[in-house]
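Undergrad: Heads up: the sequence shown begins at 6 in the working numbering, then just goes up one per residue. Attaching a single structure in structure tokens format; questions to follow.
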Amino acid sequence: MEHTTDLELVQYYLNGDEKSLEVLIQQYLKPIHGFVYRYVGNRQDTEEVTQEVFVKVWRNLKKYDQSQNFKTWLFSIAKNTAIDFLKKKKTVPFSAFETEDGENPVLAGIVDANALPDELMQKKDVADVVTRSLATLSPRYRTVLALRYTNQFTFREIAESLREPLDTVKSRHRRALGMLKKYFVN
6 MEHTTDLELV QYYLNGDEKS LEVLIQQYLK PIHGFVYRYV GNRQDTEEVT QEVFVKVWRN
66 LKKYDQSQNF KTWLFSIAKN TAIDFLKKKK TVPFSAFETE DGENPVLAGI VDANALPDEL
126 MQKKDVADVV TRSLATLSPR YRTVLALRYT NQFTFREIAE SLREPLDTVK SRHRRALGML
186 KKYFVN
């Protein structure tokens, strides 16, 4: 099953091949785990929500519309499950861009490991400002930026995942960048 598409794996599972679901889960476990972490903000809750996501996938795979992109469908379930979890808990994580290791891939390019100590301090200060600026954005803007720059989603994939019109996603992206620009100017 090395070069099998998501759709083929879904079809194999629906035809009784349990192993194909395991392959799908292994393929998407880490990306979903990281995606959920950006919403919920801690490891324990991330584990719980990630598990719930894959239980929902397992329960609803028979209802999956095979004309829809599987990855988009899966991330949509993850997003909705994480949002439902946060509504129950009534908390919002500090940064939608931090990984479960506490690293921020958006900021990774800012800090150069070969830099001199004073350059490192300066770049760390810039990284702190970027982190604070991202925290000022509402979740709907942070989510678009996280999907775009951390998960490398296209605008179309973001729109499908969030179940929002493409122009709305592009507008949120543009507004979020504008808000960040204003933050840096001030």
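Backbone N, C-alpha and C define an ideal beta-carbon position, used for all residues, glycine too.
Does the separation of the CB atoms of T148 and L167 fall below 9 Å?
TA: Residue numbering aside, residue 148 sits at position 143 when the sequence shown is read from its first letter. Residue numbering aside, residue 167 sits at position 162 when the sequence shown is read from its first letter. Cβ distance < 9 Å, so T148 and L167 count as in contact.
Undergrad: By the DSSP assignment, the alpha helix (DSSP H) with R147 in it spans what residues?
TA: Position 142 of the sequence shown holds residue 147. Segment 144-150, the alpha helix (DSSP H) holding R147.
Undergrad: Using only CA atoms, which one of I37, V60, L185 lies nearest to S138?
TA: On the sequence shown, position 133 is the one that residue 138 refers to. Residue L185 is the option with its Cα nearest to S138.
Undergrad: Give a single yes or no on whether G21 has its beta carbon closer than 8 Å to a heavy atom of the ligand ADP.
TA: The ligand ADP is not part of the structure shown, which contains no ligands of any sort.
Undergrad: Which residue marks the beginning of the alpha helix (DSSP H) containing E169, and which one marks its end?
TA: In the sequence shown, counting from the first residue as 1, residue 169 sits at position 164. Taken as a continuous stretch (DSSP letters only), E169 belongs to no alpha helix (DSSP H), as it is neither H nor E.
Undergrad: Between the segment 29-45 and the segment 80-95, do three or more beta carbon pairs fall short of 8 Å?
TA: The segment 29-45 is in contact with the segment 80-95.
Undergrad: Kindly list the residues whose CB is nearer than 8 Å to the CB of I37, restricted to its own chain and excluding five residues on each side of it in sequence; keep chain order.
TA: The residue you call residue 37 lines up with position 32 of the sequence shown. So the qualifying residues of the chain are T55, V58, F59, L79, F80, A83.
Undergrad: In three-state DSSP terms, what is Q71?
TA: Here the question's residue 71 lines up with position 66 in the sequence shown. In this structure, Q71 counts as coil in the three-state DSSP scheme.
Undergrad: Over the uninterrupted alpha helix (DSSP H) stretch that includes Q16, give me the two end residues.
TA: Locating residue 16 in the sequence shown gives position 11, counting from the first residue. That run of the alpha helix (DSSP H) goes 11-19.
Undergrad: Our contact map puts Y33 next to S25 with C-beta atoms below 8 Å; I'd like the distance itself, whole angstroms only.
TA: For the purposes of this step, residue 33 is taken as the residue at position 28 of the sequence shown. For the purposes of this step, residue 25 is taken as the residue at position 20 of the sequence shown. Actually they are not in contact, since the Cβ atoms of Y33 and S25 sit about 13 Å apart, beyond 8 Å.
Undergrad: Are K68 and D11 close, meaning C-beta to C-beta below 9 Å?
TA: Here residue 68 refers to the residue found at position 63 of the sequence shown. Here residue 11 refers to the residue found at position 6 of the sequence shown. No.
Undergrad: Taking Cβ to Cβ, would you say F158 is nearer than 9 Å to K175?
TA: One-based indexing of the sequence shown puts residue 158 at position 153. One-based indexing of the sequence shown puts residue 175 at position 170. Cβ distance not < 9 Å, so F158 and K175 don't count as in contact.
Undergrad: Quick one: is V190 buried, meaning 16 or more other Cβ sit within 10 Å of its Cβ, or exposed?
TA: To locate residue 190, count along the sequence shown from 1; it is residue 185. V190 comes out exposed.
Undergrad: Output the boundary residues of the alpha helix (DSSP H) element that contains F40.
TA: The residue given as residue 40 occupies position 35 in the sequence shown. F40 -> alpha helix (DSSP H) spans 23-45.
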